[in-house]
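Each residue of the sequence shown is one higher than the last, beginning at 21 in the numbering used here. Everything below concerns the one structure shown next.
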Amino acid sequence: MSAEIFNKTRRILFSTANNPTKGFATAYEWMEKTYKKNLGPKGYAGLMAELKFYERFGKEYMLTIAGDMGEHADFSGMYDKEITRFDVTTNISFKDFKDYEPYMGDGIKYKIALCDKNNFEVIDVLELGFNKCNCGGYLIPFILLRDQHYNSKGESTWSNDQSLMQICTECSEFSELNSWTHHFLYSPSEFASGLPDDIDFNEQTKAVETYCVEHYKYFRREFREDIMAVAEHTYKITGRKGEGYWTFDFGFKNKAVAEEIPTDVDTGLI
Ligand SMILES: [Zn+2]
């Protein structure tokens, strides 16, 4: 079955279902009599699941049918008072977080409607990519670029540690999963302080951002491909006398999960 046949059939059957003089009964009838054989078993199961989801939840989730734009969404609608895209499937094991990642981050949530015979389970797409915390939140992996080591004489050893951390999207609990040591792999602040004095603030910001992205890519490639952000550990001053707290300062966040990562978490010294 080609994508063209699938999309054409999809358009015909949904407009039939939406037509008040025809409706779902006619759409299902045409499906069985005319279209089933052209769609093949997978296409048939997929499109039937979409029709059933639309029939069952169309009003409740205020569903509109998404086009064939290849963005992994069959419908958009409202879920928990938030604009949400829905991808309907009959087999969750074919689904991969990476396929959704490029389309995420524009403020619209992704849910997967898993069709098991006639029941639907609505699953958050983050579940495809991340482990769950005991609290129900998702544990998002990120890299922490730590400051340089100094020896007992206060001299730099020209080496830095990097920690693989994870942080919960709900309760903000974090933990270290692994760590590495690299020579000359500075923390973002150290990198910034080594930049020439004559560049302006915007150029400096841009350079630090680029630096963080480079290391995001490096750690993803070399160590773990689901790393989602790069941070350093900084002391955030909130009062005139130097009062404040230690926190993660994220120099880069993958936009797919940027809104999910907690900010200004009081970490203490770690
Ligand atoms: Zn949690």
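No residue lacks a Cβ here, since even glycine has one placed at the ideal position from N, Cα and C. Owing to the predicted nature of the structure, the values given are computational and were not obtained by experimental measurement.
- Distance check between E242 and each of W200, F34, N222 places W200 closest, using alpha-carbon atoms only.
- Distances taken from the Cβ of C135 to the heavy atoms of ligand 1 include none shorter than 7 Å.
- Looking at the backbone, the Cα of E229 and that of F95 are separated by about 35 Å.
- With a minimum length of 3 residues, the unbroken runs of beta strand (DSSP E) contained wholly in the stretch 110-168 fall at 129-136, 139-144.
- With fewer than 16 other Cβ atoms from the protein chains shown falling within 10 Å of its own Cβ, C155 counts as exposed.
- For C188, the secondary structure class from DSSP, reduced to helix, strand or coil, is strand.
- When secondary structure is reduced to three states using DSSP, K237 falls in the helix class.
- Taking the Cβ of E193 as the reference point, at least one heavy atom of ligand 1 falls within a distance shorter than 7 Å.
- In the DSSP annotation of this structure, the continuous segment of the alpha helix (DSSP H) that includes A212 starts and ends at 208-213.
- A Cβ-Cβ separation of about 7 Å places I187 in contact with F162 under the 8 Å criterion.
- Note that the C-beta distance between F34 and I85 is below 8 Å.
- In the DSSP annotation of this structure, the continuous segment of the beta strand (DSSP E) that includes L197 starts and ends at 194-203.
- Between ligand 1 and the CB of E196, the shortest heavy atom gap is not smaller than 7 Å.
- Taking a C-beta distance under 8 Å as the contact criterion, E91 and F44 do not qualify as a contact pair.
- Counted as a single uninterrupted DSSP element, the beta strand (DSSP E) harbouring T254 occupies residues 249-257.
- Taking C-beta atoms under 8 Å as the contact rule, L165 and L215 fail to qualify, at a distance of about 16 Å.
- For D144, the closest C-alpha among the options Y158, D136, S179, N138 is that of Y158.
- If the five residues before and after G125 are omitted, its C-beta is found closer than 7 Å to the C-beta atoms of K275, A276, A278, all from its own chain and listed in chain order.
- One thing to note: G149 has its Cβ within 8 Å of the Cβ of F117.
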